[in-house]
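Notes for the one structure printed next.
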Amino acid sequence: MSLVQMSAAVEDVPAEQKVPRSALARYARPALGIVLPVTLALGWELAVRAGLSDGRLVPPPSRIYEEFADLARTGELARHVLATLLRVAVGFGVGTVVGTLLGAIAGYSTLVRRLVDPSLQGLRAVPSIAWIPLFILWLGIFETSKVALIAVGVFSLLLWRWTGDLRLYGWVQFFPCLVLPLLFLLFPAKYSGTSYWLVAAALYALAKLFEFYDAEIYSAGSILSGHTLKHFAAASACVAVLRHFEIRRPIIPE
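Under the numbering used here, the first residue of the sequence shown carries the number 8, and numbering increases by one thereafter.
What follows is the structure, encoded as structure tokens:
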């Protein structure tokens with residue numbers, strides 16, 4: 008069959024026969040992506056209803072829905088959502104403008120980069136959560152400190168994007184995985200339940216592995232990516248830390 012005959016054969020296929028297959032493929036992949044979170048939510052709902060957990064630290068979906076319904080009925084939900092959107096928009100705008108301008112200048116000017124890069128590298132090594140008490144002390148506990156925290160986060164990401172130096176980022180990300188086990192090996196525990204911190208460190212390291220093998224994990228089945236599993240592992244690490252604070256008791260030296 009010649010190329011012209013093959014093209015004609017393809018063109019003779021009715022459009023109605025092509026659309027259902029492409030539409031099914033378009034919606035099948037997102038549908039598969041929500042199977043795991045929906046299954047986990049239903050499983051947790053059944054576990055709470057069966058009395059396996061009281062749902063105090065992680066409430067079941069039904070309790071979350073009831074709370075959302077109450078907030079929506081009173082109008083508080085809309086008020087808080089608008090306030091959050093405004094806060095994010097202002098912080099994102101400020102961080103984008105400052106980060107883009109400074110990153111572009113530092114990326115194109117060797118002199119400026121050598122002048123400001125050491126100070127910026129030092130500031131970027133500070134975790135975002137460490138800025139919270141400082142911003143509260145400097146700017147108050149209301150909107151200004153929250154907007155500043157969002158702006159700093161966006162500024163840092165854009166600066167990395169423009170300068171392209173991720174070495175410090177990699178060190179900051181993997182540093183806790185090394186320090187937490189060393190702390191437990193070198194210093195005696197003052198509270199019980201410290202094994203939860205080791206579990207949290209292991210889950211954090213697992214999250215970083217998921218992030219590193221993002222494309223490979225997604226190519227295995229095209230259902231979940233490593234990025235999705237990363238967030239699940241990081242959230243599980245937070246649950247482990249919360250569990251430690253819930254059950255810990257002081258260890259009395261003998």
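We treat Cβ as the ideally placed atom computed from N, Cα and C, and that holds for glycine.
Three-state secondary structure assigned by DSSP to residue i
i	result
Y220	coil
G66	Checking the sequence shown, residue 66 turns out to be Pro, not Gly. Looking at P66 - three-state DSSP - the assignment turns out to be coil, as it is neither helix nor strand.
R256	coil
S152	helix
S126	helix
L47	helix
A90	helix
V17	Low per-residue confidence applies at V17: pLDDT is 44, beneath 50, and the placement is therefore not dependable, though the value from the model is reported in the following sentence. V17: helix per DSSP, three-state reduction.
L59	coil
I157	helix
S226	helix
I112	helix
Residue i versus residue j: straight-line alpha-carbon distance, rounded
i	j	result
G62	L146	36 Å
V206	Y115	44 Å
F217	P195	32 Å
E18	L92	For E18, the predicted structure reports a pLDDT of 46, less than 50, and the residue's modelled location is therefore unreliable. The matter cannot be settled from this model.
L193	V186	10 Å
S69	F219	35 Å
I112	V45	46 Å
L144	Y72	35 Å
W204	Y225	29 Å
A48	L122	51 Å
D124	S202	39 Å
Residues that residue i bridges to, as DSSP identifies them
i	result
Y72	Answer by DSSP bridge pairing: none, since Y72 is not bridged.
Y198	P257
Contact under 8 Å by Cβ, residue i with residue j
i	j	result
Y198	I259	no
V246	V65	yes
S152	F142	yes
G233	F162	no
I230	L39	yes
L263	G110	No answer is possible for residue 263: it lies beyond the span of the chain, which begins at 8 and ends at 261.
Can you find at least 3 beta carbon pairs, one from the stretch 234 to 242 and one from the stretch 209 to 220, that sit closer than 8 Å? Because the criterion of three Cβ pairs below 8 Å is met, the stretch 234 to 242 and the stretch 209 to 220 touch.
Do the stretch 245 to 257 and the stretch 211 to 231 touch if we need at least three Cβ pairs shorter than 8 Å? The way I'd put it, the stretch 245 to 257 doesn't touch the stretch 211 to 231; fewer than three beta-carbon pairs between them come closer than 8 Å.
Count Cβ pairs between the stretch 157 to 166 and the stretch 88 to 107 that sit closer than 8 Å; are there 3 or more? The stretch 157 to 166 and the stretch 88 to 107 touch, with no fewer than 3 CB-CB distances between them shorter than 8 Å.
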